[in-house]
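Peer 1: My questions will all concern the structure given below.
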Amino acid sequence: MKLLIVDDSSAMRKTIERHLNGYDLDIVGTANNGKEALEMLKTKNPDAVTLDITMPEMDGITCLENMKKIKPEIKVMIITALSDKHTGLVAIDKGARGFLFKPVDPTDLAKAFDKLLERN
Amino acid sequence: MSIRYKLTAGLLPFLVGALIYGGIQVKSNYSLSQDFANINSGVQLSVKISYLVHELQKERGRTSGFLSSEGREFKQELRDQRRLTTERYQEFKKHVETTDLSRFSDKFQSEVNSLSEALTTFFSVRDSVDDFTVTQVEAIRTYTAVNTLGLNIIGHLSDETQNSQLKQQLMSYVSFLRAKENAGIERAVMSGIFIRGIDDYNYNWESDLVQNQNNFTNLFNVTASEKNRAKYNEVVTGVSVEEVDRMRDLVSSRKLQLGEVDPNYWFDQITIKINLLKKVEDFLSADIQEGALASVKQFWIYLAIAAFFALASMALIFISIRSLLANISKLSDYTQTVSRGNLDQSIELDTNDEIGNFAEVFSTMVSDVREARNEIFKEKIEIEYLQKQAKVVFDNVKQGIFLIGKDNAISDLYSTEMEVVFNTKEIAGMDFVQFMRPLLVARDLESVEMFIRHLFNKEVDVATLEQLNPLAQVKLFIPDQTGMMQTKYVKMDFTRIQDTHDIYNIMVTAVDETAQVKLQKEIEESEERSKEEMEQLLSILKIEPVALNEYLNKTLETLEDISMKYERGSKEDFSTLLTYTYNAVHNLKGNATLIDLQLMVKKLHDVEDVIVDLRQRSNVTNENFLEILFKINAINLIVKNMMELTQKVQNVSNKMEFETAEDGSNDAFVIALERGVNRLSNEIGKKVNFNIDISDRIKLPENLKAPMKDIITQLVRNSLVHGIETPEERLASGKPESSNIDIKVVKTNDDDFKMSYKDDGRGIDVDKILQKAKDRNLRLSSANGNIDSRDLAKLIFADGFSTADKVSDNAGRGQGMSVIKSIVRTYNGKMSLSHGKGKYFAMNFLLPKVETNTISKKVA
Chain W
-12 MKLLIVDDSS
-2 AMRKTIERHL
8 NGYDLDIVGT
18 ANNGKEALEM
28 LKTKNPDAVT
38 LDITMPEMDG
48 ITCLENMKKI
58 KPEIKVMIIT
68 ALSDKHTGLV
78 AIDKGARGFL
88 FKPVDPTDLA
98 KAFDKLLERN
Chain Y
22 MSIRYKLTAG
32 LLPFLVGALI
42 YGGIQVKSNY
52 SLSQDFANIN
62 SGVQLSVKIS
72 YLVHELQKER
82 GRTSGFLSSE
92 GREFKQELRD
102 QRRLTTERYQ
112 EFKKHVETTD
122 LSRFSDKFQS
132 EVNSLSEALT
142 TFFSVRDSVD
152 DFTVTQVEAI
162 RTYTAVNTLG
172 LNIIGHLSDE
182 TQNSQLKQQL
192 MSYVSFLRAK
202 ENAGIERAVM
212 SGIFIRGIDD
222 YNYNWESDLV
232 QNQNNFTNLF
242 NVTASEKNRA
252 KYNEVVTGVS
262 VEEVDRMRDL
272 VSSRKLQLGE
282 VDPNYWFDQI
292 TIKINLLKKV
302 EDFLSADIQE
312 GALASVKQFW
322 IYLAIAAFFA
332 LASMALIFIS
342 IRSLLANISK
352 LSDYTQTVSR
362 GNLDQSIELD
372 TNDEIGNFAE
382 VFSTMVSDVR
392 EARNEIFKEK
402 IEIEYLQKQA
412 KVVFDNVKQG
422 IFLIGKDNAI
432 SDLYSTEMEV
442 VFNTKEIAGM
452 DFVQFMRPLL
462 VARDLESVEM
472 FIRHLFNKEV
482 DVATLEQLNP
492 LAQVKLFIPD
502 QTGMMQTKYV
512 KMDFTRIQDT
522 HDIYNIMVTA
532 VDETAQVKLQ
542 KEIEESEERS
552 KEEMEQLLSI
562 LKIEPVALNE
572 YLNKTLETLE
582 DISMKYERGS
592 KEDFSTLLTY
602 TYNAVHNLKG
612 NATLIDLQLM
622 VKKLHDVEDV
632 IVDLRQRSNV
642 TNENFLEILF
652 KINAINLIVK
662 NMMELTQKVQ
672 NVSNKMEFET
682 AEDGSNDAFV
692 IALERGVNRL
702 SNEIGKKVNF
712 NIDISDRIKL
722 PENLKAPMKD
732 IITQLVRNSL
742 VHGIETPEER
752 LASGKPESSN
762 IDIKVVKTND
772 DDFKMSYKDD
782 GRGIDVDKIL
792 QKAKDRNLRL
802 SSANGNIDSR
812 DLAKLIFADG
822 FSTADKVSDN
832 AGRGQGMSVI
842 KSIVRTYNGK
852 MSLSHGKGKY
862 FAMNFLLPKV
872 ETNTISKKVA
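As they're listed, the protein sequences go chains W and Y. Per the numbering used here, residue -12 is the first one in the first sequence, and the count goes up by one each step. Per the numbering used here, residue 22 is the first one in the second sequence, and the count goes up by one each step.
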């Protein structure tokens, strides 16, 4: 399972990487905005993505929409500091299947990934 | 059509058929019995004929002997015999006359008639015999001819019946009679032989007769019944039979000597034999008659039995049908009872037929149905109980509970609390999103719509969704009965009702948490108040009682002065009043900072904010002052409260706490100042060595302590904010990291007090002051770029002048120096200022000794 981490904070990207260590996941890349993420989707062809919402260049929701257009089966987990539930629901509506609020608890992340990956 | 009629209709053809069949049977039996009756009559007739033949045979024998002896013998015997024969003839004649011959066949009738006719002329032969005009042979032949006629009739009787047994019986009978007839002829022929001797004719005749007898006897033996044959063998035996055979042998061997056998002896012997035969004949005729009679009797018995069975079976059928119909009727009544819903009865029919079995099975079925019905009834009661319980729960549970279906509609069943929470009865069946529409803003409503949609989406994990529940705690504006909007805090939880295949419903619970939320807020407020009070208390405990008392008293005084000024109304213009208020408040704030009374610092700062705001406005009205007054009163209350608290604390630990607060001691004054400076320097982030030098010999008058403290507070704040550099700056400019503030108080010979103040900061930033002055369009006497100390002092001490870019609790309002100016003026003191650029800032004060009441007046 190839994973792409998209977050504008390098610290956050590292945190997610560290937390997911030991999972059967191949982290194929990290992107710090939506545009970069779309590029990496094309070049690295990941199966799953963790996606921040508030990012420069292209926000997470727009990125999610584009990703689903390019690869509908992609599994997307939103990890955001944005406490707005409406945006969260929009993300679910656009096809995100996991959702976590920052700061991320490693146990929550593990559980969320278990659920995200067990669905085919 | 009832079963009764159906059965009747079904049985009718059978009954008719049975009757017809019975009739045919009776008729057939009747004709058989008629047959027997005819035969019986025929047998009677035959018996009469055979009796007659028997007598004729005897007469023939006598006649033969009479003629053979030419009248010498048998004269008397013949006469006697003729009489007997005539008697039999009369009987026969009479019998024929009384018998209905028409029942016999024509042939039989004509034969009987022939015999009767033959007999009417036959007896003339007797005259020929008496006259000897007839030969013995002719006579015998005449007799034989009549006998043959008679025997033929008997022989033909068997043709008159269809009954084979009777036919056979008659045939054996007639065979027997023929054999006997031949025996009779033999008697006559042999009589002649024994009288006249043997000749060929008679010899042959005799041979034929013996042969005939044997043949007929054989025929009889073949056809006769066992019983009759036994009778024959039993009867026809004895000496006479043997004698007849012996005498026959004599004739057949032709060894006979004339006179060797007495003709009478022969006659006697053979007659004995013939009589034996006659005996058998009577037996046989009786047997036939008996048989015929028995047949008739049998018919009647048959008829009686048939009638009995017919009646019995009809009675049986009647009883069976009656019982069947009765059972059917019972069963019918029972089924009707059952169909009316009465399942408590059972039925038992005393019969083992199909109806009985059906009744039993049906009864069992009814019993089963009754049990099943009782079970259902029990279950129904249980369900009703559960429903009632559920309703009670739904009516009483303090939670809105309902289901949302796949069509987003709210379930018909919901808890009564729903109506209370949402203050409406229009709930059941409503689209949930539409139901929430009037209570939410568009964006939240959109959230709700997406949320519900994905709750029904199996692809989305419920834990993920739970985090995004837009109604987890939502503030709703719900109109009450009067249409007034009520604010409610409602918590709604959503649970999927699902199995492995599908999500069927969403169960929603809604709880009105308004009370809790309000309580929470109250608790927070209460905590805030407690914190405030605790702070007050802590302040009291940690601040030197003398300083605190002094401060509180002064504050109370000042605040009351302000209040009084406002109450007096608009004698002074608003601007002056504001300035006065501001200065007073600012001074109080400075002193609060000095003794670390943070609560007061904050409250006073708030008042300052309001004043600053008002001063920037052009049209200030009386009402605007109310806000200031309101706040001042609130502070007033706090001060009074603190004074009370102080009093209490003092009462509790009087001695301990106030030991150090000896009247006239400078220590408390110095310590209070040191603490204030330390606090300020820590807040501002600059290090300072505060050095206050008051000679122990000097006793500071109480009324000067306050103004001196005010002045020092303002100056220290000014130094820390403006003059003293940051530790980094100081190190950079070659100064020690910690700055120094030196204060020295001395007493002059005139009992006045001199106070010097000096810091080792950067001095006055003249350029900045000039720039600010320019910004505010202050007119300066000195030329551009230069400024004399007089102008400088004027600017520094101007009201509202500050070089700070930001306003804080400690500086920036530009009031500090102006406050110092007003204090010095109040106490009729003097002050001077000096500074070295980059090196120091210093001020000298001269405060004359004053009386307390003078000051009070001056302040007022």
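Beta carbons are placed, not taken as given, at the ideal position from N, Cα and C, and that holds for glycine. Predicted, not measured: the structure shown is a model, and the values here were computed from it.
1. Is the stretch 198 to 215 of chain Y close to the stretch 224 to 239 of chain Y, with three or more CB pairs under 8 Å?
2. When the distance is taken between beta carbons, is W/Met27 closer than 8 Å to W/Ala35?
3. Does any C-beta atom of chain Y lie closer than 8 Å to the C-beta of W/Gly75?
4. Where do the ends of the beta strand (DSSP E) carrying Y/Asp714 lie?
5. Step through the CB atoms of chain W and report whether any lies within less than 8 Å of the CB of Y/Met585.
6. For the beta strand (DSSP E) containing Y/Asp452, name the first residue and the last one.
7. Provide the residue span of the alpha helix (DSSP H) that contains Y/Arg517, from first to last.
8. Using the Cα positions of Y/Thr681 and Y/Glu723, report the straight-line distance between them to the nearest angstrom.
9. Nearest by alpha-carbon distance to W/Val117: which of Y/Arg81, Y/Glu76, Y/Asp465 is it?
10. Kindly list, in the order they appear in chain A, the residues whose Cβ is closer than 9 Å to that of W/Ile61.
11. Helix, strand or coil: which one does DSSP assign to W/Asp13?
12. Chain Y beta carbons: is any one of them nearer than 8 Å to that of W/Lys56?
13. Identify every run of the beta strand (DSSP E) within the stretch 340 to 375 of chain Y, keeping only runs that are complete inside it and at least 3 residues long; order them along the chain.
14. Tell me which residues share the same chain as Y/Leu18 and place their Cβ nearer than 8 Å to its Cβ, disregarding the 5 neighbours each side in the sequence.
15. At a CB-CB cut-off below 9 Å, which residues of chain Y make contact with W/Arg84?
16. Counting only Cβ-Cβ distances shorter than 9 Å, please list the residues of the stretch 518 to 535 of chain Y near chain W, keeping chain order.
17. By DSSP's criteria, Y/Asp772 is part of a beta bridge. Which residues make up the other side?
18. Would you report the Cα separation of Y/Gln183 and Y/Ile376, rounded to the nearest angstrom?
19. Give me, in chain order, the residues of the same chain whose beta-carbon lies closer than 7 Å to that of Y/Val622; leave out the 5 immediate sequence neighbours on both sides.
20. Rounded to the nearest angstrom, what separates Y/Glu749 and Y/Gly706 at their Cα positions?
21. Got a sec: is the Cβ-Cβ distance from W/Asp46 to anything in chain Y below 8 Å?
22. List the residues of chain W whose Cβ lies closer than 8 Å to the Cβ of Y/Lys748, in chain order.
23. Starting from the C-beta of Y/Asn657, find all residues in its chain whose C-beta is less than 6 Å away, skip the five residues before and the five after it, and write them out in chain order.
24. Please list the partners that W/Phe100 has in chain Y, where partner means a Cβ-to-Cβ separation under 9 Å.
25. Let me see if you follow: with CB-CB separation under 8 Å, is Y/Met457 close to chain W or not?
26. For the stretch 11 to 22 of chain W, which residues have a beta carbon sitting closer than 9 Å to at least one beta carbon of chain Y?
27. Go through the stretch 85 to 153 of chain Y residue by residue and report every complete run of the alpha helix (DSSP H) that reaches 4 residues or more, in order.
28. Comparing the C-beta of Y/Leu489 with each C-beta of chain W, is any distance below 8 Å?
29. Using beta carbons (cut-off 8 Å, strictly below), is Y/Phe679 in contact with chain W?
30. Using a Cβ-Cβ cut-off of 6 Å (strictly less than) and excluding sequence neighbours within five positions of Y/Phe304, which residues of its own chain qualify?
31. Can the beta-carbon of Y/Ala160 be found closer than 8 Å to that of Y/Val150?
32. Ignore the nearest five residues each way along the sequence and tell me which others in Y/Gln189's own chain have a CB closer than 6 Å to its CB.
33. Name, please, each residue of chain Y whose Cβ falls closer than 8 Å to the Cβ of W/Ile79.
34. Buried or exposed: Y/Ser89, going by 16 or more other Cβ atoms within 10 Å of its Cβ?
35. Which of helix, strand or coil does DSSP assign to Y/Leu739?
36. With Y/His856 as the anchor, note down where its beta strand (DSSP E) starts and where it stops.
Peer 2: For this structure:
1. Pairwise C-beta distances place the stretch 198 to 215 of chain Y in contact with the stretch 224 to 239 of chain Y, as three or more of them are shorter than 8 Å.
2. No, Cβ-Cβ distance for W/Ala35 and W/Met27 is not below 8 Å.
3. Yes, W/Gly75 lies at the interface with chain Y (some Cβ there is under 8 Å from its Cβ).
4. Unbroken beta strand (DSSP E) run through Y/Asp714: 709 to 715.
5. It does not; no Cβ of chain W falls within 8 Å.
6. Here Y/Asp452 belongs to no beta strand (DSSP E), and DSSP marks it neither H nor E.
7. No alpha helix (DSSP H) contains Y/Arg517, which is instead part of the beta strand (DSSP E) from 506 to 519.
8. Low local confidence applies: a pLDDT of 43 at Y/Thr681 is under 50, so the model's placement there is unreliable, with the coordinate-based value given in what follows. Their Cα atoms are separated by approximately 16 Å.
9. There is no way to answer for residue 117 of chain W, as the model of chain W reaches only from -12 to 107.
10. Protein chains in the displayed structure are W and Y, and chain A is not among them.
11. Residue state, collapsed to three classes: strand.
12. Cβ-Cβ to chain Y under 8 Å: no for W/Lys56.
13. DSSP runs (the beta strand (DSSP E)) wholly in the stretch 340 to 375 of chain Y: none.
14. Past the edges of chain Y, shown from 22 to 881, lies residue 18 of chain Y, and the structure says nothing about it.
15. Simply Glu480, Val481, Asp482, Thr485.
16. Within the stretch 518 to 535 of chain Y, not one residue has a Cβ closer than 9 Å to any Cβ of chain W.
17. Answer is none; Y/Asp772 lacks a bridge partner.
18. A straight line joining the alpha-carbon of Y/Gln183 with that of Y/Ile376 spans about 50 Å.
19. The beta carbon of Y/Val622 is closer than 7 Å to those of Lys610, Ala613, Thr614, Asp830 in its chain, skipping five residues each way along the sequence.
20. C-alpha separation (whole angstroms): 11 Å.
21. False, the Cβ-Cβ gap to chain Y never drops below 8 Å.
22. Residue 748 of chain Y is actually Pro in this sequence, not Lys. Within 8 Å Cβ-Cβ: nothing; Y/Pro748 doesn't reach chain W, min ~32 Å.
23. Non-local C-beta neighbours of Y/Asn657 in its own chain, meaning closer than 6 Å and more than five positions away in sequence, comprise Leu580, ordered along the chain.
24. In chain order: nothing, as chain Y lies at least about 11 Å away.
25. Not closer than 8 Å to any Cβ of chain W, the Cβ of Y/Met457 fails to qualify, so no.
26. Taking 9 Å as the Cβ-Cβ cut-off against chain Y, none of the residues of the stretch 11 to 22 of chain W qualify.
27. Runs of the alpha helix (DSSP H) inside the stretch 85 to 153 of chain Y: 96 to 119, 127 to 143, 146 to 152.
28. Yes, because at least one Cβ of chain W sits closer than 8 Å to the Cβ of Y/Leu489.
29. At Y/Phe679, the pLDDT of 42 sits below 50, so the modelled position is not reliable and the matter cannot be decided from this model.
30. For Y/Phe304, where only same-chain residues beyond five positions count, the Cβ hits under 6 Å are Lys252.
31. With respect to Y/Val150, Y/Ala160 sits close: the two C-beta atoms are nearer than 8 Å.
32. Once the five neighbours on either side are set aside, the close Cβ partners of Y/Gln189 are Thr244.
33. Ordered by position in chain Y, the residues that pass the 8 Å Cβ test against W/Ile79 are Met471, His475, Val481, Thr485, Leu486, Leu489.
34. It is buried - the Cβ of Y/Ser89 has at least 16 other Cβ atoms within 10 Å.
35. Leu is not the amino acid found at residue 739 of chain Y; the sequence shown has Asn there. Secondary structure at Y/Asn739: helix, using DSSP grouped into helix, strand and coil.
36. Y/His856 -> beta strand (DSSP E) spans 851 to 857.
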